[in-house]
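Participant: These protein sequence lines map, in sequence, to chains A and B.
In terms of the numbering used here, the first sequence opens at residue 1 and continues consecutively.
In terms of the numbering used here, the second sequence opens at residue 282 and continues consecutively.
We put the beta carbon where it would ideally sit given N, CA and C, even for glycine.
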Amino acid sequence: MKVAVLSGKGGTGKTMLSVNLAAASGPSTYVDCDVEEPNGHLFFKPDESSEETVSVLVPRADRNECDGCMACVRFCRYHALAYSLDRLTVFDDMCHSCGGCAEICPRKAITEHPREVGVVRTGRSGDVSVYTGTMNVGEAAGLPVIRRLLEMTALSYDENIFIDCPPGSSCSVMECIKDADFCVLVAEPTIFGAHNLEMVSELVRVFGRPYGVVLNKVIENERDPSEEYCLDNGLPILGRIPFDIGLGRICSEAGIASRENVVFERMFREIYEKMTEMVSR
Amino acid sequence: MKIIVPVEGASGISEISGSLGRAPYYLFYDTEVGVATYLENPVADSPSGAGVGAAQTITDAGADVLLTLRCGDRAYEVLREAGIKVFLAPSGDAGSGIEAYLQGRLSELTDFHEGHHHGAV
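#1: Under the assumption that A80 of chain A contacts V90 of chain A (Cβ atoms under 8 Å), give the Cβ distance between them as a whole number of angstroms.
#2: Going by Cα to Cα distance, which pick from A:L149, A:I271, A:T190 is closest to R121 of chain A?
#3: Which residues in chain B have a C-beta closer than 7 Å to the C-beta of F91 of chain A? List them in chain order.
#4: Quick one: grab the DSSP three-state call for I256 of chain A.
#5: Let me make sure I understand the geometry here. Which of A:S252, A:P144, A:F192 has the alpha-carbon closest to that of S97 of chain A?
#6: Reducing DSSP to helix, strand and coil, say where M1 of chain A ends up.
#7: Just how far apart, CA to CA, sit K366 of chain B and G378 of chain B?
#8: Express the C-alpha separation of E65 of chain A and R107 of chain A in angstroms, rounding to a whole number.
#9: If the cut-off is 7 Å on Cβ atoms, which residues from the segment 59–75 of chain A count as contacting chain B, listed in chain order?
#10: Between E200 of chain A and S172 of chain A, which are expected to be in contact by the criterion C-beta below 8 Å, what is the C-beta distance as a whole number of angstroms?
#11: Can you give me the start and stop residues for the beta strand (DSSP E) that H41 of chain A sits inside?
#12: Using beta carbons (cut-off 7 Å, strictly below), is A109 of chain A in contact with chain B?
#13: Verify whether the separation of the beta carbon atoms of P46 of chain A and G123 of chain A is less than 7 Å.
#14: Would you identify the three-state DSSP class for V137 of chain A, choosing helix, strand or coil?
#15: May I ask you to report which of helix, strand or coil DSSP gives M278 of chain A?
#16: Name, in chain order, the residues that DSSP records as bridge partners for A61 of chain A.
#17: Taking Cβ positions, are P189 of chain A and S156 of chain A nearer each other than 7 Å?
#18: Per DSSP, D213 of chain A is paired with what?
#19: Does the beta carbon of A82 of chain A come closer than 7 Å to any beta carbon on chain B?
#20: Tell me which same chain residues have a C-beta within less than 7 Å of the C-beta of P305 of chain B, skipping the five on either side of it?
#21: What did DSSP end up calling K14 of chain A once you bin it into helix, strand or coil?
#22: Using a C-beta cutoff of 7 Å, does P340 of chain B count as contacting chain A?
#23: What does A363 of chain B reach in chain A if we use C-beta pairs closer than 8 Å?
#24: Does any CB atom of chain A fall closer than 7 Å to the CB of S329 of chain B?
#25: Can you check whether the C-beta of H113 of chain A is within less than 7 Å of a C-beta belonging to chain B?
#26: Check whether the Cβ atoms of V286 of chain B and L383 of chain B lie closer than 7 Å to each other.
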């Protein structure tokens, strides 16, 4: 089962939940797709076994061959190319690596060259395979790194794959959930949290993915706007993680609660079992 | 000399646009002919890269000078490459801006903002 863990905002507990689910569900794969600031490895501290750079292709024009017809400039929807005087300028960070410019050039003056945008590290932590993607500093787009991560983990033999998504509901999140069997939405008990829950729940419905909500930082007998949103709109609730000082302490020391404490292990295990049940239904 | 100004409208007294890439039109004024014409901005609604697209339009039009309120770093790279000078326009109507330029009252733009484009792919 491939499980994507997402939330509309940062800091709701995506990494905490996905790390603990991976640790509590037997041999599994944990994929950190939050490539702007991957934190899962801080908890797993994996024995890193391999590192691979991720590159995208960007065009370069041969000045001797280019006759300035500007077919490529007109073709590029992202305006990553401009031509002035007798020179083609390429804005690498605006290029979507579609290869269309090279294809359309009547003089075959454009060739594509790799440009490094990030790195993927893999390692083991107990019975969890840990995949971490990191964008290079200054890069605008994390998608190439996310795609490579998902490509690599698609071959995993583990029964469960947990995808720790970037926050929000943009295209990088869509990439992470499009092949998921189940989506877990993590929500905070605030009005802002409920608003962001609404955004991501709309997204997973557009993608037609089965999903459930985990309410995090739950304080007993206090109003929880995210829970109210779930109840009002019929969103299935997979579990409630208490706003607990013991759990907070383990997390703040980069520990994995489901490995350190049987009560927490049971709690995460129950969330995992609930989603398994929903997927098999 | 050919002067280009991003403007909000294509007739009468047109306001200088606050955005170089997203301006709906460019006012094109040839001082030798003394006639103003308007060019449509084909990339005004482009999801990304409007600045570079606009710079390409301005370059292709054969402008010598651009008067603008703002200009992004990528657009500037294209304009500089093409030898087009970029001057800081006063806000208001384009005609007064051109007049101010011709009287030598404008100075070259030195502050180019970073692109707003969204992540690739």
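Facilitator: Short version:
#1: Along the first sequence, one-based indexing puts residue 80 of chain A at 80. Along the first sequence, one-based indexing puts residue 90 of chain A at 90. Yes, A80 of chain A and V90 of chain A are in contact; Cβ-Cβ is about 6 Å, under 8 Å.
#2: Stepping through the first sequence from its first residue, residue 121 of chain A is reached at position 121. Ranked by Cα distance from R121 of chain A, the options A:L149, A:I271, A:T190 are led by A:L149.
#3: In the first sequence, residue 91 of chain A corresponds to position 91, counting from 1. Correct list: V333, R355.
#4: Here the question's residue 256 of chain A lines up with position 256 in the first sequence. I256 of chain A: coil per DSSP, three-state reduction.
#5: Indexing the first sequence from 1 puts residue 97 of chain A at position 97. The residue with the shortest Cα to Cα distance from S97 of chain A is A:P144.
#6: Counting from one through the first sequence, the residue named residue 1 of chain A turns up at place 1. In the structure shown, M1 of chain A sits in coil (DSSP, three-state: anything other than H, G, I, E or B).
#7: Position 85 of the second sequence, counting from 1, holds the residue named residue 366 of chain B. Position 97 of the second sequence, counting from 1, holds the residue named residue 378 of chain B. Spanning the two alpha carbons is a distance of roughly 15 Å.
#8: Walking along the first sequence from the start, residue 107 of chain A turns up at place 107. Walking along the first sequence from the start, residue 65 of chain A turns up at place 65. Straight through space, the alpha carbons of E65 of chain A and R107 of chain A are spaced by roughly 7 Å.
#9: V73
#10: Within the first sequence, residue 200 of chain A is the residue found at index 200, counting from 1. Within the first sequence, residue 172 of chain A is the residue found at index 172, counting from 1. Note on residue identity: the sequence assigns Val, not Glu, to residue 200 of chain A. V200 of chain A to S172 of chain A, Cβ: 13 Å. No contact.
#11: As a working note, residue 41 of chain A is residue 41 in the first sequence. From DSSP, H41 of chain A is part of no beta strand (DSSP E) but of the alpha helix (DSSP H) over 40–44.
#12: Along the first sequence, read from residue 1 onward, the residue named residue 109 of chain A stands at position 109. For A109 of chain A, the answer is no, since every Cβ of chain B falls outside 7 Å of its Cβ.
#13: Within the first sequence, the letter at position 46 stands for residue 46 of chain A. Within the first sequence, the letter at position 123 stands for residue 123 of chain A. Contact flag set, yes.
#14: To locate residue 137 of chain A, count along the first sequence from 1; it is residue 137. DSSP places V137 of chain A in coil when its eight states are reduced to three.
#15: Here residue 278 of chain A refers to the residue found at position 278 of the first sequence. If DSSP states are grouped into helix, strand and coil, M278 of chain A belongs with the helices.
#16: By 1-based counting over the first sequence, the position of residue 61 of chain A is 61. Paired residues: A:I110.
#17: Within the first sequence, residue 189 of chain A is the residue found at index 189, counting from 1. Within the first sequence, residue 156 of chain A is the residue found at index 156, counting from 1. No, Cβ-Cβ distance for P189 of chain A and S156 of chain A is not below 7 Å.
#18: In the first sequence, the residue the question calls residue 213 of chain A occupies position 213. Per the sequence presented here, residue 213 of chain A reads as Val, with Asp not at that position. Paired residues: A:L185, A:I237.
#19: Taking the first residue of the first sequence as position 1, residue 82 of chain A is located at position 82. Yes, its Cβ sits closer than 7 Å to a Cβ of chain B.
#20: Here residue 305 of chain B corresponds to residue number 24 of the second sequence, with the count starting at 1. Same-chain partners within the cutoff: E289, N322, A325.
#21: Position 14 of the first sequence, counting from 1, holds the residue named residue 14 of chain A. Note: K14 of chain A maps to helix in three-state DSSP.
#22: Position 59 of the second sequence, counting from 1, holds the residue named residue 340 of chain B. Note that residue 340 of chain B corresponds to Thr in the displayed sequence, not to Pro. Closer than 7 Å: yes.
#23: Residue 363 of chain B sits at position 82 when you count from the first residue of the second sequence. S84, L85, listed in chain order.
#24: Against the second sequence, residue 329 of chain B aligns to sequence position 48. So yes, S329 of chain B belongs to the interface.
#25: Within the first sequence, numbered from 1, the residue matching residue 113 of chain A stands at position 113. Not one chain B Cβ lies under 7 Å of H113 of chain A.
#26: Taking the second sequence and counting its residues from 1, the one referred to as residue 286 of chain B is at position 5. Taking the second sequence and counting its residues from 1, the one referred to as residue 383 of chain B is at position 102. No; because the gap between Cβ atoms is not below 7 Å, this pair is not in contact.
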